[in-house]
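Novice: Supplied in C-alpha cells, the structure appears directly below.
Numbering (full-length UniProt numbering), first residue to last: 1 to 467.
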C-alpha cells in the first residue's frame, strides 16, 4: 500500500503483499496496546497492594472478573462491527461500510447506557453470588460502582479501536492509549494514597484513575475519526440505524457476546472455587493471572491481527491467503509464548514479589504459575484459530467450541480436583482445559465449515441469484 493512501487515513490493505510481514507490523501496535491495557491494571495492583493492603488487592482481583462478565455483550457487538468493517473494507464497499458504522454507533451507545444502569444495580448481588469474602466485599463494591459509571468511555474506546483495526489501522489507537496510560500512571498515586490536597481514596482512587484515563483515550479517538477520511463519517446524531445491518450485527454480536459471557461465567466459577481457599489464595491468584495475562498478550494480539487480515481477504475473495496467515500466526505464537512461559516459570516468585511482600500471597501465586506455565503454549494457538473464525464471521461455532472447552472440561475439572488437591487442583484443572481448548478449536478449523459464514461471499451469491 502506498504511503499516500496511508496519509488519507484509509488504513492498511491486508490483501496484498507478504503475509508474515503484514502480520508482524500490524500486530506489533496491537501487542503494545494490550500491554499498556494490562499495565494499567498492574499499576493499580502495585499501588493498591503496596499501600492499601492484601484485602484491597484481593478486591481488585474479584472486581476484574465481574467487569469482564458485564462488558461481554458490548465487546461481542464490537467484535461483530470489526468483522463487518474488515470484510467491507476488503470488498471496497464504502456504502455498506458507512451503514455499518451508522447502525453500530446507535446500537452500542444505547447498549452502554442501559448496561451502566443494570451493572450498578446488580453489583452487590453478583458479588454475593461469587461468594466474595466479607473482608473484601465493600472494597470490591466501591471499585465496581465507580468503574461502571464510566462504562460508556471504556466501551466507546474499544469500539473506535475495533473500527480502526478492521480498516487495517492498528497504530492510531495505540497513540491515544499511550497518552491514557501515562495519565493513569500519574493519577494512581495521587488518588490512591493521596498527594497534596487530594484525599486518600484507596481502591476508589484506582477505579477513578482507570475511568478518567479511558475517557481521555475515547475522546481522542472520537476526534481523530471525525477529522479524517476513512471512507465513512462518524455521525453520532444524523446517521440512521438500518435493520439490515443491525440484524447482521445481532446475528454475530449475540453469539460473540455469549461467548464472552461463557468465558466470564467460567472465570466466575473458578473464582468461586478460589474464594473458598481464603483471601491469600484469592490475592495470589489475582496477581498471578495479571502476570499470565502478559504471557498470552502476544497470542491475543496476533488473534486480533489475524481477524482483520482474514476479514479483508475474505471480502476481497482471496481465500488462498488464509492458510498462510494461519501458519505464520502459529509460528510467531510458538516462539513468543514459549519464550515467555519459560521465563515466567523460572522467575515466578520474583515477579509476584513486585506486587506484594505477603509470603502467603506469593506462595499461592507461584503454585499456580508453576503448574500452568507451559500449558499457555497450546492455549495460545487457540487464539490463532479463533481469530480466523472471527474474521470469517463464524461466531456461533466460536461460542459452541468455547462452551465445550470451559464447561465440559475446565469448570468440572477445577471443582473435582480442588476437592482432592485443594488450590493445586484448581490450577491442574485450568492447565488441562488450556490444552483441550486448542484441540477442540483446531479440529473445527480443519473441518472447513467456518468458510460458509463469510458475509460478503453470501451477499454476492444472493445478488447473483436475484439478477
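Glycine residues also receive a C-beta, built at the ideal position from the N, C-alpha and C atoms.
In chain order, what residues of the same chain have a beta carbon less than 6 angstroms from the beta carbon of residue 383, not counting five sequence neighbours either side?
Specialist: For residue 383, where only same-chain residues beyond five positions count, the Cβ hits under 6 angstroms are 299, 300, 303.
Novice: Along the alpha helix (DSSP H) that carries residue 237, what are the first and last residues, could you check?
Specialist: No alpha helix (DSSP H) contains residue 237, which DSSP labels as neither H nor E.
Novice: For the segment 416-434 against the segment 267-285, are there 3 or more C-beta pairs whose distance is under 8 angstroms?
Specialist: In short, these stretches touch, since the Cβ pair count reaches three.
Novice: Across the segment 84-101 and the segment 129-136, are there enough close Cβ pairs to call them in contact, namely three or more that are closer than 8 angstroms?
Specialist: Contact between the segment 84-101 and the segment 129-136 is absent, because fewer than three Cβ pairs lie under 8 angstroms.
Novice: By Cβ distance below 6 angstroms, which residues in the same chain neighbour residue 261 in space, the five residues on each side in sequence not counted?
Specialist: So the qualifying residues of the chain are 72.
Novice: Which of the three DSSP states is assigned to residue 320 in this structure?
Specialist: If DSSP states are grouped into helix, strand and coil, residue 320 belongs with the helices.
Novice: In angstroms, rounded to a whole number, what distance separates the CA positions of residue 170 and residue 30?
Specialist: If you take the alpha carbons of residue 170 and residue 30, they lie about 6 angstroms apart.
Novice: Does DSSP put residue 215 in a helix, in a strand, or in coil?
Specialist: Looking at residue 215 - three-state DSSP - the assignment turns out to be helix.
Novice: So, is residue 114 buried or exposed, given that buried needs 16 or more other C-beta atoms within 10 angstroms?
Specialist: Residue 114 comes out exposed.
Novice: Report back the beta-carbon spacing between residue 365 and residue 277 to the nearest angstrom; my notes put them in contact at under 8 angstroms.
Specialist: Incorrect: roughly 12 angstroms between the Cβ atoms, too far for contact.
Novice: Work out the CA separation of residue 162 and residue 76 for me, nearest whole Å.
Specialist: Distance between the alpha carbons of residue 76 and residue 162 is about 11 angstroms.
Novice: Below 8 angstroms, can you find three or more Cβ-Cβ pairs linking the segment 135-151 to the segment 202-222?
Specialist: Touching, yes, given that three or more Cβ pairs across the two stretches are closer than 8 angstroms.
Novice: How would you call residue 441, buried or exposed, if buried means at least 16 neighbouring beta carbons within 10 angstroms?
Specialist: Answer is buried; the Cβ neighbour count reaches 16.
Novice: At 4 residues or longer, what runs of the alpha helix (DSSP H) sit wholly inside the segment 99-162?
Specialist: Runs of the alpha helix (DSSP H) inside the segment 99-162: 134-149.
Novice: Please list, in chain order, all residues of the same chain as residue 106 whose beta carbon is under 6 angstroms from its beta carbon, the five residues on each side excluded.
Specialist: Contacts found: 241.
Novice: By alpha-carbon positions, which one of 254, 333, 317, 92 ends up nearest to residue 385?
Specialist: Per the Cα distances, 333.
Novice: Could you compute how far the alpha carbon of residue 67 sits from the alpha carbon of residue 267?
Specialist: Residue 67 and residue 267: Cα-Cα distance of roughly 11 angstroms.
Novice: Cutting at 7 angstroms between CB atoms, please list the residues of its own chain near residue 453, excluding the five before and the five after it.
Specialist: Excluding sequence neighbours, residue 453 sits near 392, 393, 394.
Novice: Just to confirm the assignment, what range does the alpha helix (DSSP H) spanning residue 424 have?
Specialist: Per DSSP, residue 424 belongs to the alpha helix (DSSP H) from 423-447.
Novice: If I measure Cβ to Cβ from residue 183 and keep anything under 6 angstroms in the same chain, skipping five residues before and after, which residues do I get?
Specialist: Excluding residues within five positions, the ones whose Cβ falls inside 6 angstroms are 213, 216.
Novice: In its own chain, which residues sit with a C-beta less than 7 angstroms from the C-beta of residue 224, not counting the 5 before and 5 after it?
Specialist: Around residue 224: 172.
Novice: Determine the closest residue to residue 33 out of 379, 305, 438, 417, with distance taken between C-alpha atoms.
Specialist: Comparing Cα positions, the closest option is 305.
Novice: Apart from the five residues just before and just after residue 22, which ones in its own chain have a Cβ nearer than 6 angstroms to its Cβ?
Specialist: The answer, listed in chain order, is 14.
Novice: So what's residue 292 in DSSP terms, helix, strand or just coil?
Specialist: Residue state, collapsed to three classes: helix.
Novice: For residue 44, name the three-state secondary structure that DSSP assigns.
Specialist: Residue 44: helix per DSSP, three-state reduction.
Novice: Write down the C-beta distance between residue 410 and residue 380 rounded to the nearest angstrom, noting that I regard them as a contact closer than 8 angstroms.
Specialist: Not really, about 16 angstroms apart at Cβ, beyond 8 angstroms.
Novice: Determine whether the beta carbon atoms of residue 203 and residue 109 lie at a separation below 7 angstroms.
Specialist: The answer is no: Cβ separation not under 7 angstroms.
Novice: May I ask which residues mark the beginning and end of the alpha helix (DSSP H) holding residue 197?
Specialist: Segment: none, residue 197 is in no alpha helix (DSSP H) and carries neither H nor E.
Novice: Whose C-beta lies closer than 8 angstroms to the C-beta of residue 19 among residues of the same chain, with five residues either side of it excluded?
Specialist: Contacts found: 309, 321, 324, 325, 328.
Novice: Taking all protein chains shown into account, decide if residue 346 is buried (16 or more other Cβ within 10 angstroms of its Cβ) or exposed.
Specialist: When all chains shown are included, residue 346 counts as exposed.
Novice: Pull up the distance between the alpha-carbon of residue 102 and that of residue 228, whole angstroms please.
Specialist: Roughly 16 angstroms between the two C-alpha positions.
Novice: My assumption, with CB atoms under 8 angstroms, is that residue 291 sits in contact with residue 344. Please give the rounded CB distance.
Specialist: Indeed, because the Cβ distance is near 7 angstroms, the residues count as touching under 8 angstroms.
Novice: Can you give the beta carbon distance from residue 192 to residue 48, rounded, assuming they're within the 8 angstroms contact cut?
Specialist: About 6 angstroms separates the two Cβ atoms, so the contact holds.
Novice: If contacts are defined as beta-carbon pairs under 8 angstroms, then residue 58 and residue 414 qualify, I think. What distance do you get, rounded to the angstrom?
Specialist: Between residue 414 and residue 58 the Cβ distance is about 19 angstroms, and since that is not below 8 angstroms, they are no contact.
Novice: State buried or exposed for residue 377, treating a residue as buried only when at least 16 other CB atoms are found within 10 Å of its CB.
Specialist: The residue is buried, with at least 16 neighbouring Cβ atoms inside 10 Å.
Novice: How close, in whole Å, do the beta carbons of residue 94 and residue 231 come, if the pair is a contact with beta carbons under 8 angstroms?
Specialist: Yes, residue 94 and residue 231 are in contact; Cβ-Cβ is about 4 angstroms, under 8 angstroms.
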